[in-house]
Each structure stands twice: as C-alpha cells, then as structure tokens.
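Beneath this line is the structure, given in structure tokens, with notes to follow.
Chains as they are written, first to last, in our numbering: chain U, 503 to 868; chain B, 503 to 868.
Structure representation (structure tokens):
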C-alpha cells in the first residue's frame with residue numbers, strides 16, 4: 503500500500519515546482535527580462551530608480567514613524583513600500599527597498615542618515631590599521647534583513663513582475679567609506695588611490711568580495727535581476743578608472759550568479775562607458791548627458807537603460823509627453839532598451855507625473 | 503615760438519604710447535597669449551584656476567581680517583592677492599581676484615557667502631515679477647571696484663604677464679540666481695527652462711547683455727584675456743544645451759572685444775564640448791574626465807586649456823611629476839595648449855606642490 507502521506511508530499515512538492523516553473527516562465531517572458539536579454543518585445547519596459555521614495559505621500563507617512571535605517575532594516579515595511587510603489591505606478595519591475603551603504607553598517611563602520619546632510623560614516627576608512635581592523639563578516643547573515651525583505655517582496659509581487667536586487671559598485675562604496683559621507687571632489691578617496699595604491703586596492707578587494715556574496719545571496723533570496731550602482735564613478739578620469747577601478751568592477755560583475763542579468767549603472771560617465779562595458783553587465787545605465795542613440799551605437803551589442811533627465815518629471819504633462827515620446831521613437835527600432843531616468847526620482851516630483859510617464863511608455867505603439 | 507609746454511606734453515604722451523606699445527608687445531609675445539593664438543612657443547604656459555585662494559597661508563591671513571565679499575570689493579587687497587599668487591607661483595598669467603557671482607550683487611539680488619554653505623542669494627529669481635523688478639544697471643559702474651582692481655593689478659604685474667578678466671557664462675549665472683545658491687540637480691533652473699521657456703530666455707538675455715558690458719569693461723580696465731566660466735553647464739543634456747543655452751553663450755562670446763582671446767570653460771562637459779566650441783571661444787577648457795588628445799583632435803582648430811585633476815596636487819611629488827609630464831608629452835607636438843587644472847585648486851592643496859607643478863611645466867623640454 504502506498505504511503506499516501508509520502509505521495510501527497512511528493513504531489514505537493516511537484517505542484518510547487520510546477521507553480522514555480524510557471525511563475526519563472528512568466529517572469530522570464532516579462533518585457534523587462536526580455537529587454538535585458540535584448541529580445542524583441544511589444545512594449546518598452548519601464549521602471550524608475552527611487553520609485554519608492556519621498557515623493558510619495560504613503561512613503562512619507564511610513565517615514566514619519568521610523569528612521570530611514572529602521573525602514574531598511576524592517577523587512578515587512580521594506581516589502582510594503584517596494585510592492586506599493588510597483589503597484590501604484592504600474593511599472594514593469596520592482597526594486598527592493600534598501601540602500602547602497604547598508605554594507606558599511608554591516609561591516610561596522612557606523613552608518614547613519616542625518617537630516618539635510620545625507621549619509622554619514624562614523625569611522626571613515628583611512629589607514630592600514632583600518633584595513634586590519636575590518637572584520638570578516640558574512641554578507642547574507644549580516645544583511646539578513648535584506649534577504650528577508652526580498653523573500654517577502656517576491657511573494658508579495660505579482661508573478662510577472664521581476665524583482666531587482668542591488669548593491670554599490672566598489673568605487674562608489676569605497677568613496678563613501680573613505681570620505682565619511684557624500685563628497686563633491688572625492689579628495690580623500692583619490693588621495694588614497696594616488697598615495698596609497700596598495701591600500702586602495704586591498705580595500706577594493708575586500709569590498710568586492712563582500713559585494714559578490716551580498717548580491718548572490720540576493721538572487722537566492724528572490725531577485726531576478728541585479729543592478730550595480732557606480733553612482734559617482736563619473737568623478738574619475740578614464741585613465742584613473744582603468745588603473746584603479748575597472749579590474750575590481752570586472753571581478754564583481756564576473757562573479758555574479760549567471761542566471762540573472764546585471765545592470766551596470768553610473769552617472770556623469772560619458773567618457774567611461776566603453777570601459778564600464780568592458781568591465782561587464784548585460785545592461786548599461788545611461789544618464790541624460792549622453793545622446794542615447796549615438797552612445798548605444800558606439801557601445802555595440804549590449805542592452806541599455808535610462809537617459810531621461812529626472813528634472814523632466816518636474817515639468818508639465820505636455821513637456822513630459824514630448825520628451826518621453828522622443829526617447830521611445832528613437833529606440834523603437836532596436837531591442838534591448840529599458841526606459842528609466844538617468845538617476846533617481848527627485849523628492850519634489852508629482853506622483854501623477856510619474857504615473858503619466860509610465861502610461862505614455864505603455865501605450866506607445868512601436 | 504613753439505609752445506614748449508605743448509611740445510613736452512606731446513613728447514610725454516608719445517613716450518607713454520611707446521612704453522605702452524613695448525609693454526603690449528611683451529605681453530603679446532608671452533607664452534600664454536601665443537598659446538591662445540595657437541602659435542608655437544618654447545614653453546608650455548601654465549596658470550591655475552583659484553591660484554589665489556584658501557590653500558595659501560598669506561591669503562588665509564588676509565581673509566581672517568575681511569569677509570570674502572569685502573576682499574572682492576577692496577581693489578587694493580584684490581590686487582595684492584592677485585599679484586602675490588602670480589609672483590609666488592611663477593605662473594604665466596594672473597587672474598583678477600573676484601567672484602563669478604558679483605553681478606548678482608550688483609543687480610541687487612542679495613549675494614552673501616555663508617561659511618560652510620557657499621554662496622547664498624537672498625532673493626532668488628523665480629517669476630515674471632522678478633524679471634520686471636530687475637533693475638537696469640550699468641555693469642562698469644556697479645562693479646567699478648573690479649575695474650579699479652584690474653587697473654591696479656595691471657600696473658602691479660610684471661610687463662610680460664597677461665592679466666585675465668572673467669565672468670560667469672549665462673547658464674551658470676542664471677542657475678545660481680534661480681536656485682538661490684549652489685545646487686546638485688538644478689531643479690529650479692531646469693523647471694524654469696521646461697515650464698517657462700520665455701521667462702528663462704528673457705532672463706538669459708538680460709544676463710548676457712550685462713555680462714557683455716561687464717567683460718568689455720574689464721578689457722578696457724586692463725585685462726589681456728577673458729575667461730567665461732560655465733562651471734556647472736555639465737548638468738545639462740546636449741539637447742537642452744542646444745535649446746536653452748547655446749544661443750545665449752554665442753551672443754555673449756561674439757560680442758566681446760575682439761582684441762583679446764577668450765577662454766570658454768566648463769566641467770563635466772564631455773558631451774557638450776562640440777556645442778560649446780560652436781558657441782565660441784579661442785580656447786576651450788577641458789576637465790579631467792576627457793582624454794586630452796582625442797578630445798582636442800575631435801574639437802579641431804582651437805586652443806585648449808586644462809585637463810589635470812585638481813586632486814593630483816594632493817598626491818606626492820613623484821606622482822605629480824608623472825601626471826604632469828604625461829600631459830606635457832602628449833601635447834608637445836601641437837601648438838595651443840595651456841596647462842591648467844580641470845577646475846580650481848582645492849583648499850587642502852600644499853603650496854609647495856603647486857610650485858613644483860609650475861617648475862615641471864617650465865623645465866620640460868619639448
């Protein structure tokens with residue numbers, strides 16, 4: 503006599519596997535993942551950096567009760583704002599609510615977000631002693647709240663909506679860590695490159711190793727896509743990028759789970775884009791300082807994302823339509839374009855304008 | 503009988519004219535002015551943006567007694583810091599000590615420099631009413647202290663050292679005026695472009711007219727070269743530059759006294775450089791984000807200035823020598839290169855490093 507309980511459990515598990523496969527196939531056929539693979543699609547996919555953010559009333563309400571870090575560290579709340587933004591805007595992907603600097607908290611450097619000042623690192627990294635004192639920390643464990651948020655969010659999102667995990671690229675992470683916060687000139691980071699190259703490279707190595715584990719754990723926890731934010735790499739000359747950064751970004755990008763596409767993003771990168779493409783990534787992020795089509799042509803065989811100036815969303819609807827339609831017309835003939843801003847949604851943006859942008863992208867006939 | 507007093511006066515005046523011509527010929531044959539005209543020269547000329555600044559002990563001593571604005575408005579002190587910096591460093595040109603935002607003070611918008619915050623404009627420009635209320639002000643009169651400083655400085659400088667006058671380009675001036683100070687995203691300036699283009703263009707028109715008079719008066723007061731600072735224009739997309747800025751910069755540059763060369767400078771401008779060259783200027787400023795030689799080749803027949811990352815001066819002498827020599831070797835074969843940083847000298851810079859840089863440039867054998 504068959505063991506029915508065992509049979510049931512097998513049936514259950516095979517049903518779960520089938521559901522997971524269906525879900526996976528729905529995800530894989532989503533316009534967003536198709537664009538990452540440069541496959542043709544009826545519709546241009548669209549999502550926005552910082553789509554869950556201060557410009558949204560519901561987000562500000564949550565933020566009035568918890569600090570920014572508390573929000574990042576609370577998986578239920580992080581899931582709530584992530585799913586809410588995706589559903590409210592109707593965008594083609596969700597990005598997990600988190601911050602690129604959380605690893606600095608996990609590594610014990612003392613991260614805080616000070617009103618009006620942005621991120622502040624209590625103990626900036628400046629010396630060999632700081633390298634020696636840097637603890638060996640397990641990324642997935644020390645940032646388990648991000649993994650938990652990803653699991654909850656994956657379960658909470660519609661089956662056809664890809665979830666994006668992310669981390670800072672090593673230059674951007676190191677520059678915050680060395681400067682102790684945001685910077686205009688990156689004087690301390692560049693001084694370390696120029697005067698202490700071996701210390702710089704050792705730090706980059708450590709950050710890359712941590713970030714590989716962190717991002718791969720995010721895939722395991724439920725992310726279908728990864729974005730690597732080299733937000734401030736545009737402060738470097740091409741030769742400095744080549745000498746101090748490229749190999750580290752390359753090691754990171756080459757070591758990520760091959761089952762998911764990776765978006766390699768930066769701003770002010772017009773002269774760095776060929777080198778960033780060499781470093782890796784299935785999709786290259788473009789800000790508004792470059793002409794989309796000529797830049798894409800010069801990059802060659804890769805998908806691209808972005809290009810709209812976030813300030814366009816501060817204008818009126820007529821102007822937004824004009825600018826969005828221009829980009830859609832330019833990109834209609836080629837597969838592999840993901841509509842996005844060149845950087846995050848700005849706090850004074852009207853939510854209605856963002857919804858309107860998504861509507862224009864979705865109703866545009868190629 | 504001849505009127506000897508008249509004869510003497512004629513002799514005096516012809517002697518003065520001869521002295522002025524000699525002086526003028528010495529100036530015209532200086533390596534700096536020859537490079538502006540793309541003429542061959544034994545030596546690469548060098549000067550540095552913000553060469554008179556906080557990184558110098560003598561400057562800090564003066565600044566401990568007067569505010570920044572008081573220093574700008576005191577012709578004797580402005581002359582002193584200008585001449586002192588040129589002589590201390592041994593650079594090939596002096597730039598008059600002043601600030602690009604002084605016209606906003608002259609125009610009554612309320613300019614102040616707040617410690618740790620930078621420039622603050624008390625009454626930012628936002629509306630038609632602000633345009634209507636903008637006074638008609640004579641540039642040379644309202645900024646007579648700058649003219650006085652130029653006269654004193656011209657008289658105080660060695661006869662072979664050109665004196666640079668300067669002003670902000672209209673975008674950079676307008677963006678400070680609209681934002682009310684420095685900005686990361688230029689949200690208010692771009693909002694005005696996008697939502698109130700006629701108001702934007704009217705403001706730019708007014709600023710250009712004022713700046714034409716201001717710069718031409720500087721030539722009359724003793725400047726041999728003019729630099730137009732479009733420091734923050736790199737925040738714009740190429741299409742926005744073309745639509746909202748280029749014609750205004752062009753009108754400014756075309757209306758300047760043809761007897762002096764003009765340097766057209768910006769940062770983060772890699773994708774804007776061809777459009778800036780179209781707008782005008784005898785010399786185009788390059789920051790460190792572009793590769794010098796390929797950029798110069800693509801710009802064609804124009805002199806160029808800049809390209810060294812100011813952070814290089816925070817490194818040690820060996821590294822400085824390496825980077826400076828690289829640029830000198832790259833440019834040795836072509837006439838029309840002026841050595842400079844890509845932006846101003848940073849406050850933590852060691853004066854000895856700046857002197858060392860000048861020495862390397864001057865002792866380099868082409």
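Ideal Cβ positions, reconstructed from N, Cα and C, are used throughout, including at glycine.
In this text the structure is predicted, and so the values were computed from the model without any measurement.
**Under the three-state DSSP convention, the category residue 840/B falls into** = By one-based count along the second chain, residue 840/B stands at place 338. DSSP places residue 840/B in the strand class (E or B) of the three-state scheme.
**Asked** At a CB-CB cut-off below 7 Å, which residues of chain B make contact with residue 677/U?
**Response** Counting from 1 along the first chain, the entry for residue 677/U is found at position 175. Close partners of residue 677/U in chain B (Cβ separation under 7 Å) are lacking, with about 12 Å as the shortest Cβ gap.
**Prompt:** With DSSP run on the structure shown, which of helix, strand or coil describes residue 766/B?
**Reply:** Counting from 1 along the second chain, the entry for residue 766/B is found at position 264. DSSP, read as helix, strand or coil, puts residue 766/B in strand.
**Request:** In the DSSP assignment, find the unbroken alpha helix (DSSP H) run with residue 553/B in it and report its ends.
**Result:** Indexing the second chain from 1 puts residue 553/B at position 51. Taken as a continuous stretch (DSSP letters only), residue 553/B belongs to no alpha helix (DSSP H), as it is neither H nor E.
**Message:** Measuring alpha carbon to alpha carbon, tell me which residue in 611/B, 622/B and 531/B is nearest residue 570/B.
**Reply:** Start at 1 with the first residue of the second chain, and residue 570/B comes out as number 68. Taking only the C-alpha atoms, the option nearest residue 570/B is 622/B.
**Request:** Could you name the residues of chain U that residue 790/B contacts, counting a contact when the two beta carbons are closer than 7 Å?
**Result:** Residue 790/B sits at position 288 when you count from the first residue of the second chain. Think of a sphere of 7 Å around the beta carbon of residue 790/B: the chain U residues whose beta carbon falls inside it are 739, in chain order.
**Message:** For residue 688/B and residue 843/B, what's the separation of their Cα atoms in angstroms?
**Reply:** On the second chain, position 186 is the one that residue 688/B refers to. On the second chain, position 341 is the one that residue 843/B refers to. When rounded, the separation of the alpha-carbon atoms in residue 688/B and residue 843/B is 25 Å.
**Item:** Contacts around residue 773/U, its chain only, beta-carbon distance under 7 Å, and the 5 residues preceding and following it disregarded
**Value:** In the first chain, residue 773/U corresponds to position 271, counting from 1. Excluding residues up to 5 positions away in sequence, 740 lie with their Cβ nearer than 7 Å to the Cβ of residue 773/U in the same chain.
**Asked** Quick one: what does DSSP say residue 596/U is sitting in, helix, strand or coil?
**Response** Taking the first residue of the first chain as 1, we reach residue 596/U at position 94. The answer is strand: DSSP assigns residue 596/U an E or B state.
**Request:** Please compile the residues from chain U whose C-beta is within a distance smaller than 8 Å of the C-beta of residue 850/B.
**Result:** The sequence position of residue 850/B within the second chain is 348, counting from 1. Ordered by position in chain U, the residues that pass the 8 Å Cβ test against residue 850/B are 689.
**Prompt:** What do you get for residue 827/B, buried or exposed, if any count of 16 or more other CB atoms within 10 angstroms of its CB means buried?
**Reply:** Locating residue 827/B in the second chain gives position 325, where the first residue counts as 1. By the 10 Å Cβ count, residue 827/B comes out exposed.
**Message:** Please report whether the beta-carbon of residue 817/B lies at a distance below 7 Å from any beta-carbon of chain U.
**Reply:** Here residue 817/B corresponds to residue number 315 of the second chain, with the count starting at 1. Interface with chain U (7 Å Cβ-Cβ cutoff): residue 817/B is included.
**Prompt:** Out of curiosity, what's the CA-to-CA distance linking residue 815/U and residue 852/U?
**Reply:** Numbered from its first residue, the first chain carries residue 815/U at position 313. Numbered from its first residue, the first chain carries residue 852/U at position 350. Residue 815/U and residue 852/U have their alpha carbons spaced roughly 8 Å apart.
**Asked** Is the CB-CB distance between residue 542/B and residue 837/B below 7 Å?
**Response** Taking the second chain and counting its residues from 1, one reaches residue 542/B at position 40. Taking the second chain and counting its residues from 1, one reaches residue 837/B at position 335. Between residue 542/B and residue 837/B, the C-beta spacing is below 7 Å.
**Request:** Tell me, to the nearest whole angstrom, how far the beta carbon of residue 768/B is from that of residue 735/B; I am working on the premise that it is less than 8 Å.
**Result:** The count along the second chain starts at 1 and reaches residue 768/B at position 266. The count along the second chain starts at 1 and reaches residue 735/B at position 233. At roughly 5 Å, the Cβ-Cβ gap stays under 8 Å, so residue 768/B and residue 735/B are in contact.
**Asked** Could you give the distance in angstroms between the alpha-carbon of residue 867/B and the alpha-carbon of residue 833/B?
**Response** Start at 1 with the first residue of the second chain, and residue 867/B comes out as number 365. Start at 1 with the first residue of the second chain, and residue 833/B comes out as number 331. Residue 867/B and residue 833/B: Cα-Cα distance of roughly 12 Å.
**Message:** Going by the DSSP bridge assignment, what does residue 732/U pair with across the sheet?
**Reply:** Stepping through the first chain from its first residue, residue 732/U is reached at position 230. Residue 732/U is bridged to 768/U.
**Request:** Check whether the Cβ atoms of residue 653/B and residue 723/B sit closer than 7 Å, and answer yes or no.
**Result:** For the purposes of this step, residue 653/B is taken as the residue at position 151 of the second chain. For the purposes of this step, residue 723/B is taken as the residue at position 221 of the second chain. Residue 653/B is a Cβ neighbour of residue 723/B, given a cutoff of 7 Å.
**Prompt:** Hey, residue 561/U and residue 583/U: beta-carbon distance below 7 Å or not?
**Reply:** Within the first chain, numbered from 1, the residue matching residue 561/U stands at position 59. Within the first chain, numbered from 1, the residue matching residue 583/U stands at position 81. With respect to the 7 Å criterion, residue 561/U and residue 583/U are classified as neighbours on the basis of their beta carbons.
**Prompt:** Excluding five sequence neighbours on each side, which residues of the same chain lie with their C-beta closer than 8 Å to the C-beta of residue 780/B?
**Reply:** Looking up residue 780/B in the second chain gives position 278. Excluding sequence positions up to five before and after residue 780/B, its CB lies within less than 8 Å of the CB of 748 and 752, all in the same chain and listed in chain order.
**Request:** Below 7 Å between beta carbons is the criterion; list the residues of the region 750-783 of chain U that meet it against any residue of chain B, in chain order.
**Result:** Cβ proximity to chain B below 7 Å picks out 770, 772 and 773 from the region 750-783 of chain U.
**Item:** Proximal residues of chain U, C-beta to C-beta of residue 693/B below 8 Å
**Value:** Locating residue 693/B in the second chain gives position 191, where the first residue counts as 1. Neighbours of residue 693/B on chain U, chain order: 813, 816 and 817.
**Message:** For a contact defined as C-beta to C-beta under 9 Å, what are the partners of residue 793/U on chain B?
**Reply:** Within the first chain, the letter at position 291 stands for residue 793/U. For the C-beta of residue 793/U, the chain B residues within less than 9 Å are, from N- to C-terminus, 739, 740, 741 and 773.
**Distance between residue 831/B and residue 586/B (C-alpha atoms, nearest Å)** = Sequence index remark: in the second chain, residue 586/B carries index 84 (1-based). Sequence index remark: in the second chain, residue 831/B carries index 329 (1-based). Between residue 586/B and residue 831/B, the C-alpha separation is close to 30 Å.
**Prompt:** Are the region 753-763 of chain B and the region 696-709 of chain U touching by the rule of at least three beta carbon pairs closer than 8 Å?
**Reply:** Touching, no.
**Asked** Listing by chain order, which chain U residues have their CB less than 8 Å from the CB of residue 458/B?
**Response** The requested residue 458/B is not part of the displayed model; chain B covers only 503 to 868.
**Prompt:** How long is the line joining the alpha carbons of residue 572/B and residue 600/B, rounded to whole angstroms?
**Reply:** Mapped onto the second chain, residue 572/B falls at position 70. Mapped onto the second chain, residue 600/B falls at position 98. A straight line joining the alpha-carbon of residue 572/B with that of residue 600/B spans about 10 Å.
**Item:** Residues near residue 766/U by beta carbon distance below 6 Å, same chain, minus five either side
**Value:** Counting from 1 along the first chain, the entry for residue 766/U is found at position 264. Cβ neighbours of residue 766/U beyond the five flanking positions: 730, 778, 783 and 786.
**Prompt:** Hey, residue 664/B and residue 841/B: beta-carbon distance below 7 Å or not?
**Reply:** Working through the second chain from its first residue, we reach residue 664/B at position 162. Working through the second chain from its first residue, we reach residue 841/B at position 339. In this structure, residue 841/B does not lie closer than 7 Å to residue 664/B by Cβ.
**Message:** Using a Cβ-Cβ cutoff of 9 Å, what residues of the region 726-738 of chain B are near chain U? List them in chain order.
**Reply:** For the region 726-738 of chain B, the set of residues with a beta-carbon nearer than 9 Å to any beta-carbon of chain U comprises 736, 737 and 738, in chain order.
**Prompt:** Between residue 626/B and residue 680/B, which are expected to be in contact by the criterion C-beta below 8 Å, what is the C-beta distance as a whole number of angstroms?
**Reply:** Counted from its first residue, the second chain places residue 626/B at position 124. Counted from its first residue, the second chain places residue 680/B at position 178. Their Cβ separation, rounded to whole angstroms, is 6 Å, which keeps residue 626/B and residue 680/B in contact under 8 Å.
**Request:** Note down, in chain order, each residue of its chain lying with its Cβ closer than 6 Å to the Cβ of residue 529/U, except the 5 sequence neighbours on either side.
**Result:** Counting from 1 along the first chain, the entry for residue 529/U is found at position 27. If we look at residue 529/U and ignore the five residues flanking it on each side, its Cβ neighbours are 664 and 726.
**Asked** Pick from 564/U, 690/U and 617/U: whose alpha carbon is nearest that of residue 849/B?
**Response** What you label residue 849/B is simply residue 347 of the second chain in a count that begins at 1. Put simply, of 564/U, 690/U and 617/U the residue whose alpha carbon is nearest the alpha carbon of residue 849/B is 690/U.
**Asked** Cβ of residue 754/B within 7 Å of Cβ of residue 713/B?
**Response** Along the second chain, read from residue 1 onward, the residue named residue 754/B stands at position 252. Along the second chain, read from residue 1 onward, the residue named residue 713/B stands at position 211. In this structure, residue 754/B places its C-beta atom within 7 Å of the C-beta atom of residue 713/B.
**Item:** 4-residue-minimum alpha helix (DSSP H) runs that sit fully inside the region 622-690 of chain B, ordered along the chain
**Value:** As far as the region 622-690 of chain B is concerned, its whole alpha helix (DSSP H) runs of at least 4 residues are 630-635, 641-644, 646-658 and 672-681.
**Message:** For residue 872/B, which residues in the same chain have their Cβ closer than 6 Å to its Cβ, ignoring the five residues on either side in sequence?
**Reply:** Only positions 503 to 868 of chain B appear in the structure, and residue 872/B is not among them; the question remains open.
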